[in-house]
Structures are given as structure tokens and as C-alpha cells.
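First the structure, in the form of C-alpha cells, and then the observations on it.
Chains as they are written, first to last, in my numbering: chain A, 567 to 730; chain B, 4 to 207.
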């Protein structure tokens, strides 16, 4: 089981100091000129990351993992290098009242501090489309996760035939 | 927003309770009181570099046939199901040699036999590649399984595919004796196939 703890400083947590001329370099309009925003760090613990080997004939792939944040946040996106896949989306598989299962792109997945967010088959997952080439067992791909806080983190995802 | 609807009867998962004195009580798939019979369904089986041949949805005498409706551009559920099936056959070992496999593409315009055959072989090397471009014929076949599918293109130009996500286990009479929904995993496939193989070996 792969496990990586990733410390990420959020954009929103930049330390800002009011200057004598009353201006600031805040990235938002809501920070008062005399406010000091204390830098904080959110850590994301990732385990069980894997991408399924993609057959030669398929141009789609999938990535699964568990992400545990140290503070409340939300997963709002995922991406990979265009040399790997032309399009990457976060998807959710759901079951309707009539028993049908649906899969759709999802804009944001809330995350609770200390609680793993599971990206698993049949649930939330990262879909890779327009694969430039097949995902081969034994290789790995770098997946960039983007969070609502502005944090981003890169996860090294091994390509496997079966779940780890 | 991309939406791909995949129809299954996951909510209909039920443990078989028929008191017929067999091992059916432990099947994790759906066993109907009035099982479907799909022997009326014949679709083209395609081969790379050779003419197609009619394929009827029933197992060879004394064997089992697993039928799955899917497509190669399916990112999550189809590959998971195929991988689970592969794992189950591997776990069961040589006694699973009596389990035949048929994959019916619901996306025949993109899924040519040249794509399907190697795609399926990358999971298990004994799939019958079932493909018809006659969508009425495909629809009639699906109706026999109480399945459905569709292929549409949304406003953004993205092809959306819907399909039933069940794996059907068919006997040599064409009777659907077990329906495995997505989510049973390799354990579920192993459990049910092993029981049904044992039943055949016991003459039940």
C-alpha cells in the first residue's frame, strides 16, 4: 500500500502584512489593510492510489485513491499532463431510485478533516480521457489534485492490474 | 456536465431463498422466481479477419455462459467487472474451464471487432465478441435480458452511453440462473460461479 503525506500551503493562507501606505498584496478583496493572516498548512494524506492498466484499444482510464485532509476542504479538480491524457475529470457514480446507476462529472466533493475521501470504483473516481497511450502496469503517472482552499498537490499514482 | 447513465438492477440484489435443496441459498446474485430464458436470442459473433457466425445465448451442454453488455470506452464499471471476472476464473482454477464468456457491445459503431477482440483478450482470452450494428436487433436481444442501453451525443459533442451493468449467468437451456450486479466484486463472482460449477458437477 502506497502512502504519501503531502503538506500544502494554501493560497488563502499567505501571510499578509499591511504596509504603511495602507495597501496590501492580498489575493482577495476582503482582507483588511491592517490584518495579518497567519499562515496555516493543510496536509493531505494519500493512500491506496492506483490507476487501472488500460487495454491498448481503450482511450479512457481511471484513478482511485483515498485522500485524508488535516482540515476541512473540498476536492474540486484533478489533472494530468496532456502527454498522458487529453482530458481529466472527477466523476461520481450514483444509483437512482429505479436502480439505475449514473456517472457524471462532479464539480466539488466536500472533505472533512481527518476523514478519508474514498475515490473508488463505483463511487467517486478520476476519469482520464483521450489517453495519449495506454497506461502500462509498472509505470506511474503524476496526478495533480486541486482543492477548494486553493491548495494543489501532486500524487504519484502507480499503474496496476488489480487494486493494491 | 457529462452524464453517463449506466443501468443496473443493483437495488434488486437479493439472496436466493428458493428452498430447492441446492446451494442457491448462498448465491449473492439475483435469482428470479421465474428465470429469464434467453435462448431465443441469436446475435452475430464476430472474428478478426473472418466472417461472423450466429451465436445463440445459451451455454454449451453441461457448461455455463456469462453474458455482459458493455463497451470498450467504459472507464470504471466495465473494466472493474471484467477484472473481477478474470480474478474469479483464476481463483476457481481449471474447473472454471466450463465457463464460457460473451461480451455484447452496446456501442457497435465505435467497438469494431478489431478493437473488441484484443480489448477483451487483455482480460480473459475466451470471450465471444458479440456485435450487431442493427440497433433494433440489439434492442430485442436486450429485452430478453430485461436490459437496455443507448448511445447518444450531447450538446457538447460528448458521446454518452447507457447500459445495464449486470453479468448474466446462463445455463445450457438458455435460462438465466443468476444475475450479478456491479459491486459484488471478485468475491461475488467467485462465490456464485463456484457454486454453479459445483451444481453442474453434482448433476444438479
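All C-beta atoms in this analysis are idealised placements derived from N, C-alpha and C, irrespective of residue type, glycine included.
Consider the Cβ of residue i: report whether some Cβ of chain A lies at a distance smaller than 8 Å.
| i | result |
| --- | --- |
| residue 118 of chain B | yes |
| residue 80 of chain B | yes |
| residue 125 of chain B | yes |
| residue 121 of chain B | yes |
| residue 83 of chain B | yes |
| residue 26 of chain B | Here the model assigns residue 26 of chain B a pLDDT of 46, short of 50, so the residue's position is not dependable and the matter cannot be decided. |
Report buried or exposed for residue i, applying the criterion of at least 16 other Cβ atoms within 10 angstroms of its Cβ.
| i | result |
| --- | --- |
| residue 136 of chain B | exposed |
| residue 193 of chain B | buried |
| residue 100 of chain B | exposed |
| residue 728 of chain A | exposed |
| residue 112 of chain B | exposed |
| residue 717 of chain A | buried |
| residue 184 of chain B | buried |
| residue 117 of chain B | exposed |
| residue 107 of chain B | buried |
| residue 49 of chain B | buried |
| residue 51 of chain B | exposed |
| residue 79 of chain B | buried |
| residue 176 of chain B | exposed |
| residue 669 of chain A | buried |
| residue 730 of chain A | exposed |
| residue 97 of chain B | exposed |
What is the DSSP secondary structure of residue i, reduced to helix, strand or coil?
| i | result |
| --- | --- |
| residue 728 of chain A | coil |
| residue 191 of chain B | helix |
| residue 122 of chain B | helix |
| residue 150 of chain B | coil |
| residue 34 of chain B | coil |
| residue 702 of chain A | coil |
| residue 101 of chain B | helix |
| residue 751 of chain A | Shown here, chain A extends from 567 to 730; a query on residue 751 of chain A therefore has no answer. |
| residue 594 of chain A | Low per-residue confidence applies at residue 594 of chain A: pLDDT is 31, beneath 50, and the placement is therefore not dependable, though the value from the model is reported in the following sentence. Three-state DSSP puts residue 594 of chain A in coil, outside helix and strand. |
| residue 522 of chain A | Absent from the model: residue 522 of chain A. The displayed extent of chain A is 567 to 730, so no value can be given. |
| residue 78 of chain B | coil |
| residue 61 of chain B | coil |
| residue 680 of chain A | coil |
| residue 619 of chain A | coil |
| residue 27 of chain B | Per-residue confidence for residue 27 of chain B stands at a pLDDT of 47, beneath the threshold of 50, marking its modelled position as unreliable; no derived number is given. |
Considering only DSSP beta bridges, list what residue i is partnered with.
| i | result |
| --- | --- |
| residue 628 of chain A | A:693 |
| residue 133 of chain B | B:48, B:107 |
| residue 171 of chain B | B:70, B:182 |
| residue 55 of chain B | Its beta-bridge partners do not exist; DSSP assigns none. |
| residue 719 of chain A | A:711 |
| residue 643 of chain A | A:712 |
| residue 671 of chain A | A:657 |
| residue 196 of chain B | Residue 196 of chain B pairs with nothing; no bridge assigned. |
| residue 163 of chain B | B:155 |
| residue 115 of chain B | The partner list for residue 115 of chain B (beta bridge, DSSP) is empty, contrary to what the question assumes. |
| residue 633 of chain A | A:612, A:683 |
| residue 201 of chain B | None; residue 201 of chain B has no bridge partner. |
Using beta carbons (cut-off 8 Å, strictly below), is residue i in contact with chain B?
| i | result |
| --- | --- |
| residue 659 of chain A | yes |
| residue 693 of chain A | yes |
| residue 588 of chain A | Only weak support is given to the placement of residue 588 of chain A: the predicted model assigns it a pLDDT of 32, under 50, and the value that follows is read from those uncertain coordinates. So, not an interface residue. |
Starting from residue i, find everything on chain B with Cβ-Cβ shorter than 8 Å and list it in chain order.
| i | result |
| --- | --- |
| residue 728 of chain A | 86, 90 |
List, in chain order, every chain B residue whose beta-carbon is nearer than 7 Å to that of residue i.
| i | result |
| --- | --- |
| residue 623 of chain A | 75, 118, 121, 122 |
| residue 627 of chain A | 78 |
With a threshold of 7 Å (Cβ to nearest heavy atom), would residue i be considered close to the ligand COA?
| i | result |
| --- | --- |
| residue 198 of chain B | Absence of the ligand COA is noted for the structure shown, with no ligands found whatsoever. |
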